[in-house]
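Undergrad: Quick one: the structure is below, questions incoming.
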Amino acid sequence: MRIRHVRPIVIAYSDPNDFANQRMTTLVRAETTDGVVGWGEGIAMWPEACAATATIIDALGTMLIEAGEIDVRGAWDRMRAHCWWYGEGGIACFAYSALDMALWDIEGKLQGKPLHALLSDDARLSLPAYASSHVNKATIEDCVAEIVGFKEQGFRGVKLGFAKKGLSNIGRDPDNDVAFIRALREAVGDRFEIIVDAGNGVKWDAATAISTVRRMAEYDIGWIEEPFYPTLIEDYRALKAAVDVPIGTGEREWTVSGYKRLIETGTVDVLGVDPSRAEGVTGFRMVDALCEANGITINAHAWSSAILTAASLHLSLASRTARLFELKPFPVVVQSELVEELIWHVGGDIRAPAGPGLGITVDEAVLSRLIL
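Letter by letter, the sequence shown follows residues 164 to 535 in my numbering.
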């Protein structure tokens, strides 16, 4: 392929999944000399990070244009090598992740194949759909009722972010957290998976985490995600030795080499990977191979626009280790309007868009309303 034009696009939108807070992301539109368009995303989120990401996309885009004929892996190597001084993690990864995603979209279109079929000869057709939501209502009863509603929509399970913005104190009092999980399990029954994402807002020491996770385990949680800051490896080791609940982490990692080091600690059972920040589709595939070799589940982050959702879904279907796929359970413009093909589940199962590449068509009229 030969690239003739690259355009970074910073957008902002209100997200009802995040208590109507404004979220931001940086998209990229790449076009070949033959007029084939590919879309990518770098989920930089904060205004200054999105602006910096767009600046780096401009520079890397110029480099790809000047390179002439290039393939996707060659472009990935070239971008990564160019960013060596400032790109081993951080904002550069947003930029070349977005471009790598767009180039894979183009490659799929050139070959006439959806991305999952391009990546694997035996990709799965569907995965169980899970609602991924923040716990942010005022009372336990309100929070439980909302999740019961997700089950009634057909979702097979939930991943619940604790200590998020909103009215809830879930994630700030272990006794209350356990009471919430107990009430939720009673409400949804046994055949509905509950995953707890402690994340950035929960502040547990090792002893508190061990006690809390043990108590939650009585009500059958699928895994506990990011119970500690990523560098607190000894706390992760202590928790893993003390509980039978699988441990998820990795959402704040950036590079294939960083994921390799994390796997080598022996503390992780489920690895969260975001192709819009962790070295793109190419990087995700490399990490997925490490997961397969080490008996670890990969779980794609998809909590932004439909561009990222499409990429994460194709990657998950092509993976031998992914076992579920997360969706935002409430309508949001970047999911329900930005692309013409709604990415949603049917009866609790989700399939990728059928078209080539990412399989999506961006509605540029909607996009224009979101541009900053």
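Ideal Cβ positions, reconstructed from N, Cα and C, are used throughout, including at glycine.
Which value, in whole angstroms, describes the spacing of the CA atoms of Cys235 and Gly421?
TA: Here the sequence assigns Val to residue 235, which means Cys is not the residue at that position. Rounded to the nearest angstrom, the two C-alpha atoms are 22 Å apart.
Undergrad: How is Lys328 classed by DSSP in three states: helix, strand or coil?
TA: Three-state result, Lys328: coil.
Undergrad: Indicate the three-state DSSP secondary structure (helix, strand or coil) for Leu290 in the structure shown.
TA: Strand at Leu290.
Undergrad: Work out the CA separation of Gly224 and Arg167 for me, nearest whole Å.
TA: About 9 Å.
Undergrad: Pull up the DSSP beta-bridge partners for His279, would you.
TA: Bridge partners of His279: none, in fact.
Undergrad: Cβ atoms of Gly413 and Val444: under 8 Å apart, would you say?
TA: Result no, Cβ atoms of Val444 and Gly413 do not sit closer than 8 Å.
Undergrad: So does the segment 265-284 actually touch the segment 233-251, counting three or more Cβ pairs closer than 8 Å?
TA: Output reads yes: the segment 233-251 touches the segment 265-284.
Undergrad: Taking DSSP as the reference, what is the three-state secondary structure of Lys322?
TA: If DSSP states are grouped into helix, strand and coil, Lys322 belongs with the strands.
Undergrad: Starting from Arg348, trace the alpha helix (DSSP H) in both directions and tell me its first and last residue.
TA: First-last of the alpha helix (DSSP H) with Arg348: Pro337 to Val351.
Undergrad: Closer than 8 Å is the cut-off here; do at least three beta carbon pairs connect the segment 204-220 with the segment 451-471?
TA: Segments in contact, yes.
Undergrad: Helix, strand or coil: how does DSSP classify Ser363 here?
TA: Just to set this straight, residue 363 is Asn in the shown sequence, not Ser. Coil.
Undergrad: Just verifying my parser: in three-state terms, what is the DSSP assignment at Thr418?
TA: Coil.
Undergrad: Output the distance between the C-alpha atoms of Val431 and Ile410, rounded to the nearest integer angstrom.
TA: Looking at the two C-alpha atoms, the distance is approximately 5 Å.
Undergrad: Buried or exposed for Lys536, please, with buried defined as at least 16 other CB atoms from any protein chain shown within 10 angstroms of its CB.
TA: Summary: the structure shown does not reach residue 536, with the chain confined to residues 164 through 535, and so no result is reported for it.
Undergrad: Kindly indicate which residue of Ala380, Arg424 and Arg241 has the alpha-carbon position closest to the one of Thr394.
TA: For Thr394, the nearest C-alpha among the options comes from Arg424.
Undergrad: Buried or exposed: where does Thr428 fall if 16 or more other Cβ atoms within 10 Å of its Cβ makes it buried?
TA: That one is exposed.
Undergrad: Kindly indicate the opening and closing residues of the beta strand (DSSP E) around Gln185.
TA: First-last of the beta strand (DSSP E) with Gln185: Asn184 to Thr195.
Undergrad: Let me know the secondary structure DSSP gives Glu304 once reduced to three states.
TA: Glu304: helix per DSSP, three-state reduction.
Undergrad: Which residues mark the beginning and the end of the beta strand (DSSP E) in which Asn462 is found?
TA: Thr460 to Ala463 is the span of the beta strand (DSSP E), which, as asked, contains Asn462.
Undergrad: Using the C-alpha atoms, what's the distance from Pro390 back to Asn363?
TA: Going from the Cα of Asn363 to the Cα of Pro390 covers about 8 Å.
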